[in-house]
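Novice: Below is the structure I would like to discuss, written out as structure tokens.
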Amino acid sequence: MQILQINNVVRAYRRGVPVLDGTSFAVEKGEVVGLLGRNGAGKTTLLRILMGMIKPQSGAVRVFGMDPQLQPVEIKRRTGFVAEDQVYPPLCRASELLLFHRSLYAGWDNAMEDELVSRFGLRRDARISEMSKGEARQVALICAVCHKPELLILDEPAGGLDPAARREFLETSIQLLNRAGTTILFSSHHMADVERIASRVVLLDKGKVCIDSDLDQLRETLCIAVVPLGDTVTVAALEAVLGCVRARNNGHSVHGVFHGDPDEVAARIAGALRVDPPPCQNVPLEELFIEIVGR
Amino acid sequence: MDLFINPAGELPIYRQIMRQITSAIAGNHLRPGDKLTSHRDLAERLVIAPLTVKKAYDELERQGLLETLRGKGTFISAKAVVKRSAERERLKEAARTLLHQAYLSGLDLDDALSAVEQAAREIARTKDKD
Chain R
634 MQILQINNVV RAYRRGVPVL DGTSFAVEKG EVVGLLGRNG AGKTTLLRIL MGMIKPQSGA
694 VRVFGMDPQL QPVEIKRRTG FVAEDQVYPP LCRASELLLF HRSLYAGWDN AMEDELVSRF
754 GLRRDARISE MSKGEARQVA LICAVCHKPE LLILDEPAGG LDPAARREFL ETSIQLLNRA
814 GTTILFSSHH MADVERIASR VVLLDKGKVC IDSDLDQLRE TLCIAVVPLG DTVTVAALEA
874 VLGCVRARNN GHSVHGVFHG DPDEVAARIA GALRVDPPPC QNVPLEELFI EIVGR
Chain X
3 MDLFINPAGE LPIYRQIMRQ ITSAIAGNHL RPGDKLTSHR DLAERLVIAP LTVKKAYDEL
63 ERQGLLETLR GKGTFISAKA VVKRSAERER LKEAARTLLH QAYLSGLDLD DALSAVEQAA
123 REIARTKDKD
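Taken in sequence, the protein lines are chains R and X.
Position 67 of the first sequence, counting from 1, maps to 700 under the numbering used here, and the rest follow consecutively.
Position 106 of the second sequence, counting from 1, maps to 108 under the numbering used here, and the rest follow consecutively.
Written out as structure tokens, the structure is:
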């Protein structure tokens, strides 16, 4: 069952400068999808459209098959959301925020709330203004998950958290996955976190989906070739080799992202450009990200 | 058995898990009939997605190394045999890395071999103490 459908979404904040320029993908029930892209790639815009906070100028989104503009309450009842810049009233206490959320949702899980408050070591009587950035995000997370949503949408959930707080956050997410099989769409710049919890990654570039793949498959079917610059070796020449996703000049060499087994790709490049087989290897997501959307 | 995963490693996480379990079977640290941690518990312990652990277990089951008994858990299969050839292949990879390191620092094959022998003696000594 498709929980999220995003069809050809276009959204510009300034006329003629689209942030999203025909973005399409869908998320199945139970998937954990990492939404990646450079700053300004449109991740936050897309998540805000899904939450019905802004409208696309063309195209459509469906959440649980519903239009966020027409049925926002039905969608929000079944969804948890943490914004990148979640703003709560500074004088509000944690206890008051939790009470407010508890009263909004019929299925609020008090035991889960208690467990998370103590795991994060939060003080219920602390005001938002007295909390660190990390603590405020933990409160936001508790508010987003204790109604046991079927779908979690998280915009940079680890933004501004220290490594220990990020790990606690990941642990919480994994327990949610274990208990309820929650569907999660989250944006992140922390590739190691993405490797830990995502089963699939969607990479946005220039307003479009540039990669949409099972994470393990991506790691195992893409490799990076490093070819020393030479008479026959240029960015254009490497990009013309079969299976090249992208090539870029790195000073002394051209780096190419290729589909295929590393040994076989090396042989292919050697044959096409008449050079020695270059070193080719599978690399972690972080390196792939840089090679694909880096300058 | 303690597993260790590195999200920034060259292999995807499910492959890292498969490899470590396979090595542990080859090295007799895991024996036929031994019970494995459930995929959910292992996921929580390693802080990785439950599906990733399940994928590793499923793949190992497909290879005949594990078997799942409904309601009882996942066990090392009675017929679990690890192909020595695959283990040797991996050892060759590690040897290549060792030699690269030796050559980069101006050492030769003999230096690398004597380093291996010395390491073997050290490991033997620690084993004697155990």
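Using N, Cα and C, we set each Cβ at its ideal position, and we do this for glycine too.
Since the model is a prediction, treat every value here as computed from it, not as a measurement.
Per DSSP, what kind of secondary structure is N8(X) in: helix, strand or coil?
Specialist: Correct three-state label for N8(X): coil.
Novice: With DSSP as the reference, identify every bridge partner of P651(R), one or two as the case may be.
Specialist: Beta-bridge pairing links P651(R) to A645(R).
Novice: What are the residues in the region 837 to 866 of chain R lying within 8 Å of chain X by C-beta distance?
Specialist: Listed in sequence order: L848, D849, R852, E853.
Novice: Look up N743(R) in the DSSP assignment and say whether it is helix, strand or coil.
Specialist: Looking at N743(R) - three-state DSSP - the assignment turns out to be helix.
Novice: Distance check for L871(R) and R735(R), CA to CA, integer angstroms please.
Specialist: Approximately 57 Å, taken between the alpha carbons.
Novice: Beta-carbon separation of A659(R) and L679(R) under 8 Å?
Specialist: The answer is no: Cβ separation not under 8 Å.
Novice: May I ask you to report which of helix, strand or coil DSSP gives C843(R)?
Specialist: The answer is strand: DSSP assigns C843(R) an E or B state.
Novice: Assuming contact is defined by CB atoms lying nearer than 8 Å, are I23(X) and L32(X) in contact in what I supplied?
Specialist: Yes, these two residues count as a Cβ contact at 8 Å.
Novice: If you measure beta-carbon to beta-carbon, which residues of the region 12 to 33 of chain X are closer than 8 Å to chain R?
Specialist: Result list: E12, L13, P14, I15, Y16, R17.
Novice: For I786(R), go through chain X and note every residue whose CB falls closer than 8 Å to its CB, in chain order.
Specialist: Within 8 Å Cβ-Cβ: nothing; I786(R) doesn't reach chain X, min ~17 Å.
Novice: Assuming V860(R) and P911(R) are in contact, meaning their beta carbons sit under 8 Å apart, how far apart are those beta carbons, in whole angstroms?
Specialist: 4 Å between Cβ atoms; contact.
Novice: Identify the residues that DSSP records as bridge partners of E69(X): which are they?
Specialist: DSSP output for E69(X) lists F77(X) as bridge partner(s).
Novice: Tell me whether V720(R) sits in a helix, a strand or coil according to DSSP, three-state version.
Specialist: It is coil, neither helix nor strand.
Novice: Which residues of the region 108 to 125 of chain X have a Cβ closer than 7 Å to any Cβ of chain R? Give them in chain order.
Specialist: Taking 7 Å as the Cβ-Cβ cut-off against chain R, none of the residues of the region 108 to 125 of chain X qualify.
Novice: Please identify the residue among A773(R), N811(R), S751(R) whose C-alpha is closest to the C-alpha of I761(R).
Specialist: The residue with the shortest Cα to Cα distance from I761(R) is A773(R).
Novice: Three or more C-beta pairs closer than 8 Å, one from the region 743 to 759 of chain R and one from the region 774 to 781 of chain R: is that the case here?
Specialist: Yes: at least three Cβ pairs fall under 8 Å.
Novice: Distance cutoff 8 Å, beta carbons only. Does R98(X) sit that close to anything in chain R?
Specialist: For R98(X), the answer is no, since every Cβ of chain R falls outside 8 Å of its Cβ.
Novice: Starting from T929(R), follow its DSSP beta bridges and name the residues at the other end.
Specialist: This structure cannot settle anything about residue 929(R), because the visible part of chain R is limited to 634 through 928.
Novice: Here's the rule: buried if 16 or more other CB atoms are within 10 angstroms of the residue's CB, otherwise exposed. What is A869(R)?
Specialist: Answer is exposed; the Cβ neighbour count stays below 16.
Novice: Give me the subset of the region 802 to 822 of chain R whose CB atoms are less than 8 Å from a CB atom of chain X, sorted by chain position.
Specialist: Result list: L803, E804, I807, Q808, L810, N811.
Novice: Span of the beta strand (DSSP E) holding P861(R)?
Specialist: Element bounds for P861(R): 855 to 861.
Novice: Please classify N672(R) as buried or exposed, where buried requires at least 16 other C-beta atoms within 10 Å of its C-beta.
Specialist: Exposed is the call here.
Novice: If you drop the 5 nearest sequence neighbours on each side, which residues of the same chain put their C-beta closer than 7 Å to that of L730(R)?
Specialist: Correct list, in chain order: Y721, V772, C776.
Novice: Should A58(X) be flagged as near chain R, meaning a C-beta pair shorter than 8 Å?
Specialist: Cβ-Cβ to chain R under 8 Å: no for A58(X).
Novice: Give me the Cα-Cα distance between E61(X) and H41(X), rounded to the nearest whole angstrom.
Specialist: Distance between the alpha carbons of E61(X) and H41(X) is about 13 Å.
Novice: In terms of residues, what are the limits of the beta strand (DSSP E) holding H888(R)?
Specialist: Counting along the chain, the beta strand (DSSP E) containing H888(R) begins and ends at 886 to 892.
Novice: Do the region 839 to 846 of chain R and the region 62 to 81 of chain X touch if we need at least three Cβ pairs shorter than 8 Å?
Specialist: No contact exists between the region 839 to 846 of chain R and the region 62 to 81 of chain X.
Novice: Counting pairs of Cβ atoms below 8 Å between the region 73 to 89 of chain X and the region 34 to 50 of chain X, do you hit three or more?
Specialist: In short, these stretches touch, since the Cβ pair count reaches three.
Novice: Pull up the distance between the alpha-carbon of I786(R) and that of T815(R), whole angstroms please.
Specialist: The alpha-carbon atoms of I786(R) and T815(R) are separated by roughly 10 Å.
Novice: Could you pull the DSSP bridge partners for S806(R) from this structure?
Specialist: In the DSSP output, where bridge partners are listed per residue, S806(R) has none listed.
Novice: What does R42(X) touch in chain C if you count any residue whose Cβ is under 7 Å from its own?
Specialist: The question asks about chain C, but that chain is absent: this structure's protein chains are R and X.
Novice: Does V55(X) get closer than 8 Å to chain R when you measure Cβ to Cβ?
Specialist: For V55(X), the answer is no, since every Cβ of chain R falls outside 8 Å of its Cβ.
Novice: Comparing the C-beta of I830(R) with each C-beta of chain X, is any distance below 8 Å?
Specialist: Taking Cβ atoms only, chain X reaches closer than 8 Å to I830(R), which makes this a yes.
Novice: Shorter than 8 Å from the beta carbon of A51(X) to some beta carbon of chain R?
Specialist: Yes, contact with chain R.
Novice: Would you say V952(R) reaches chain X, if we count a Cβ-Cβ gap shorter than 8 Å as a contact?
Specialist: Nothing can be reported for residue 952(R), as the shown portion of chain R is limited to 634 through 928.
Novice: Do you know how far the Cα of G884(R) is from the Cα of K57(X)?
Specialist: Roughly 40 Å between the two C-alpha positions.
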